[in-house]
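Encoded as structure tokens, the structure appears first; notes follow it.
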Amino acid sequence: MNKKQKHQKGFVLIVSLIMLVAVTLFVMAGMRSSTVSERMAGSHMDRGRAKMAAEQALVQGLAALKTGGTICVEDGCTTANLATTGAAVTTTVMPSVWSDTNAVDVTIATGQLTSAKFLINWLNNSVFTTSTPSTGKEACKAYSIMGRGVGLASTSVVVLQTIAYVCPTD
Numbered sequence: 020m021n022k023k024q025k026h027q028k029g030f031v032l033i034v035s036l037i038m039l040v041a042v043t044l045f046v047m048a049g050m051r052s053s054t055v056s057e058r059m060a061g062s063h064m065d066r067g068r069a070k071m072a073a074e075q076a077l078v079q080g081l082a083a084l085k086t087g088g089t090i091c092v093e094d095g096c097t098t099a100n101l102a103t104t105g106a107a108v109t110t111t112v113m114p115s116v117w118s119d120t121n122a123v124d125v126t127i128a129t130g131q132l133t134s135a136k137f138l139i140n141w142l143n144n145s146v147f148t149t150s151t152p153s154t155g156k157e158a159c160k161a162y163s164i165m166g167r168g169v170g171l172a173s174t175s176v177v178v179l180q181t182i183a184y185v186c187p188t189d
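Just so you know, the numbering used here puts 105 at position 86 of the sequence shown, and the rest follows in order with no gaps.
As structure tokens, then:
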């Protein structure tokens with residue numbers, strides 16, 4: 020009998036088991052990578068939906084402000100004379116935090132957890148309309164319009180804000 024042949028019987032089994040473990044580890048790493056990529060893509064899509072909802076809310080907020088434009092120029096839009104506005108902001112600082120108080124729901128679109136909302140706040144005009152040189156907006160009233168959109172997950176929230184001027188038409 021050949022002595023070399025007896026010593027090699029278990030060696031092939033050990034080498035093939037090591038190769039099987041190595042291939043399994045490579046496959047598991049590839050699956051983990053693809054799972055993380057899918058989660059990232061889903062999160063990106065959900066955030067995009069939330070952003071579109073917030074943009075939709077801004078557009079509807081601008082439309083509501085434009086609809087009540089005459090009232091807004093004369094008296095300043097407040098909760099009392101335009102149903103879609105919040106209280107006047109008396110400081111010279113724009114609101115930076117979302118508040119559901121006086122917020123208005125907009126039409127819910129597919130792919131959203133809740134409907135988007137907009138909030139219109141009348142800003143203190145002294146900061147936004149008094150400028151040198153003249154901008155032509157001295158007789159206008161400044162408003163902060165905030166739109167808040169939520170995607171399918173409650174963690175994907177986007178808040179957008181813009182300033183709009185309502186000016187008298189002569």
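We put the CB at the ideal spot given by N, CA and C, even for glycine.
Given the structure is predicted, the values throughout are model-derived calculations rather than measurements.
Taking C-beta separations shorter than 7 Å and ignoring five residues to either side along the sequence, the partners of Cys-159 in its chain run Thr-148, Tyr-184, Val-185, Cys-186, following chain order. Within the same chain, Cβ atoms closer than 8 Å to the Cβ of Arg-66 are found at Gly-170, Ser-175, Val-177, the five residues on either side in sequence being excluded. Taking every protein chain shown into account, the CB of Ala-60 has fewer than 16 other CB atoms within 10 angstroms, so this residue is exposed. DSSP places Ser-173 in no beta strand (DSSP E); its state is neither H nor E. Nearest Cα to Ala-161 within the set Ser-134, Ala-135, Leu-36, Lys-85: Lys-85.
Secondary structure note for Leu-138: its beta strand (DSSP E) is the uninterrupted segment 136-141. For Ala-161, the enclosing beta strand (DSSP E) starts and ends at 160-169.
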